Structure formats: structure tokens, C-alpha cells
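Numbering that gives the first Met the number 0 puts the first residue of the sequence shown at 0, with every later residue one more than the last.
C-beta atoms are modelled at their ideal positions from N, C-alpha and C, and glycine is treated no differently.
In this text the structure is predicted, and so the values were computed from the model without any measurement.
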Amino acid sequence: MKDYLLISIGVLISIFNFKLFLSPTDVAPGGIAGIGIILNELTGIPEGTSMFLVQIPLLALGYLAFGRRRFLEKALFISVTYSFGVDLFNLVFPDLMVTEDLFLTVLFGGVLGGIGSGLIFRGRASFPGTSLVSRWLQFKTGIPTSQTYLIVDGGIIIVLGAMFGWERAMYAVVMLFIWGMATDYILEGPSVVRTILIVTDKPAVVGEALVEKLKMGVTTWKGQGMFSQQQHSVLYCVVNRPEVGDVKEIVRQNDPQAFLVIGNAHQASGGRIRPQIAVSGGESTASQN
Numbered sequence: 000m001k002d003y004l005l006i007s008i009g010v011l012i013s014i015f016n017f018k019l020f021l022s023p024t025d026v027a028p029g030g031i032a033g034i035g036i037i038l039n040e041l042t043g044i045p046e047g048t049s050m051f052l053v054q055i056p057l058l059a060l061g062y063l064a065f066g067r068r069r070f071l072e073k074a075l076f077i078s079v080t081y082s083f084g085v086d087l088f089n090l091v092f093p094d095l096m097v098t099e100d101l102f103l104t105v106l107f108g109g110v111l112g113g114i115g116s117g118l119i120f121r122g123r124a125s126f127p128g129t130s131l132v133s134r135w136l137q138f139k140t141g142i143p144t145s146q147t148y149l150i151v152d153g154g155i156i157i158v159l160g161a162m163f164g165w166e167r168a169m170y171a172v173v174m175l176f177i178w179g180m181a182t183d184y185i186l187e188g189p190s191v192v193r194t195i196l197i198v199t200d201k202p203a204v205v206g207e208a209l210v211e212k213l214k215m216g217v218t219t220w221k222g223q224g225m226f227s228q229q230q231h232s233v234l235y236c237v238v239n240r241p242e243v244g245d246v247k248e249i250v251r252q253n254d255p256q257a258f259l260v261i262g263n264a265h266q267a268s269g270g271r272i273r274p275q276i277a278v279s280g281g282e283s284t285a286s287q288n
């Protein structure tokens with residue numbers, strides 16, 4: 000039920016996005032939405048119906064190639080609700096348009112589209128669209144998935160450009176980029192914590208200073224430099240972003256020769272947790288086993 004709730008919200012957002020931003024401006028980042036716009040322009044068939052007709056063979060391809068009943072159930076649910084939701088929206092609000100500005104269309108359309116796709120992915124499903132063709136091509140040819148996506152969606156964008164103008168095609172490429180970033184954000188969340196890796200010859204001094212002053216857990220293990228062949232200690236901890244400066248200062252004061260690496264992490268859980276509220280980017284936690 001949780002999966003279908005996420006999927007339903009994602010589909011609803013995608014329907015609004017298509018009607019408010021993609022369809023009125025004929026800008027779409029490839030995919031099934033682009034095909035629906037193209038077929039509607041060529042045949043006059045409603046966009047939602049056009050997308051559903053295209054998705055039928057894609058559903059068959061996905062089932063035959065990947066053969067999962069759960070995939071088919073969710074994909075069919077998405078296909079029916081999205082396609083006929085678009086047509087119903089067109090009937091109720093035939094002339095609805097938020098803006099004619101292509102830049103705003105690309106920006107908000109990409110963000111909303113990414114949010115919708117991200118929620119559907121979090122529901123452990125995906126649109127039965129060109130992604131299935133891309134995965135099938137990768138399976139049959141061995142071409143990397145990133146390249147098959149580029150081939151399939153790039154071809155659709157080229158057709159859109161030929162029909163509606165190359166300026167719109169270039170905007171579609173920008174929207175595709177924003178769409179992907181928004182999808183990743185929904186899937187992974189904001190980067191709210193930092194991982195710290197410290198290579199030092201004074202592990203006790205540095206580690207105890209970090210524990211005492213920042214009240215956090217620190218893990219240590221032994222390492223060996225491949226060039227010098229000398230033994231060193233490696234300290235590892237996870238902190239909130241505002242604490243990075245404190246860590247750097249503590250390490251500098253206790254071992255100026257230490258090697259310090261700071262990385263990004265999207266989430267930390269388990270171990271010793273110290274919640275930090277109202278940190279830039281929202282609530283975050285730092286933890287260490």
C-alpha cells in the first residue's frame with residue numbers, strides 16, 4: 000500500500016506537470032510524454048490516449064524481456080492512471096496554461112517531473128516508457144545504459160525539434176538535465192552530513208579531542224602507506240555540515256601533519272546519533288558505530 004500511495008502521488012504530479020508545462024509549450028525531455036505530443040500533433044489523437052497506445056507494446060516488451068509479474072502490475076497501473084488522467088485533465092481544463100515563458104516551463108517542468116518520477120521510483124516502479132526500450136537495447140547490444148538512454152530520448156527530442164523548432168529541442172535538453180537532478184534528490188535526499196577520514200600518527204590524541212569537544216563517536220583502524228610502507232592510523236567519523244570547521248581545527252591543532260578527507264553522505268543512521276535541528280538543508284543526524 001505504501002508503494003502504491005507513492006506511485007499515485009507521483010503519477011498525479013506527473014499529470015499536472017504534463018498539462019501545465021509540457022503540453023502547452025510542446026517541450027518535453029523525450030520519453031513517453033514527447034511521443035504523446037508528437038502523435039497528437041500528427042494524428043489529432045488525444046495525448047493521453049496516444050501515450051497509452053504506445054505503452055501497450057512497451058508493456059509487452061518489458062514483461063517478455065524482464066518477466067516480472069509485480070513489474071507488470073505496477074507498470075499497468077501507472078500507464079492507465081497517467082494516460083487517462085492526462086485526457087481527463089484536458090477535458091476538464093482544456094485551455095489551462097500557467098506561463099508561455101519557455102525558461103519557466105523548463106525550470107518548473109523539470110522540477111515537477113523529477114519529483115513525480117522520483118516518487119514513482121521510491122514506490123519501486125517506473126514509467127512503462129522509453130526506459131524499457133533503453134534497458135532492452137542495453138541487454139541486447141551491451142551498449143552502456145547511459146548511451147541507450149541518450150539514443151532513445153535524444154531521437155525523440157530531435158523529432159520534437161524538427162516539428163516545433165530547434166529552440167524547443169534545446170530547452171528540452173535542459174529540462175532533461177533538471178528532471179534528472181530532481182529525481183536524484185527525491186531518491187537520495189539532500190546531502191546533509193559529512194564523512195571525515197583522517198590519516199594520522201597520533202590517533203589517540205586526535206580521536207580523544209574529537210570525542211571530548213564534539214561529543215561524537217570515532218572509529219579507528221590501521222593502515223599502511225603504499226609509497227612509504229609506513230604504518231598509520233585511520234580515523235573515521237560522521238558530522239553535520241556546520242561541524243566540519245570544528246573538526247578541521249581540532250585536527251590541525253593536534254596533528255598538523257594529518258591527512259584529512261571530507262566527503263558527502265546523504266544519510267547516517269545507527270550507532271551514536273546526535274540530532275541537529277534547523278541545519279542548512281533541514282534536519283540532519285550524525286552517527287558513528
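- Beta-bridge analysis with DSSP links T218 to Y235.
- Taking C-alpha positions only, V238 is separated from I249 by approximately 13 Å.
- Leaving aside the five residues that flank L19 on each side, the residues in its chain whose CB is nearer than 6 Å to its CB run, in chain order, V97.
- Its Cα nearest to that of A171, the residue V105 stands out among V105, D200 and H265.
- R123 carries a coil assignment under DSSP once its states are collapsed to helix, strand and coil.
- Assignment of beta-bridge partners to I261 by DSSP yields I195.
- When secondary structure is reduced to three states using DSSP, Q223 falls in the strand class.
- The DSSP-derived three-state label of Q256 is coil.
- Comparing C-alpha distances from F76 to each of V110, G9 and A181 shows the shortest one belongs to G9.
- A straight line joining the alpha-carbon of L60 with that of P28 spans about 22 Å.
- In this structure, the straight-line span from the alpha carbon of T140 to that of F258 is close to 44 Å.
- Rounded to whole angstroms, the gap between the alpha carbons of L213 and K201 is 18 Å.
- Distance from the CA of R121 to the CA of T80, rounded to the nearest whole angstrom, comes to 18 Å.
- Nearest to D183 by alpha-carbon distance, out of S82, F226, G109 and L38, is G109.
- Annotated as distal: S7 and F51, with beta-carbon spacing of 8 Å or more.
- Annotated as proximal: T219 and L234, with beta-carbon spacing under 8 Å.
- Q54 sits in a helix when the DSSP states are folded into three classes.
- With respect to I155, I34 sits close: the two C-beta atoms are nearer than 8 Å.
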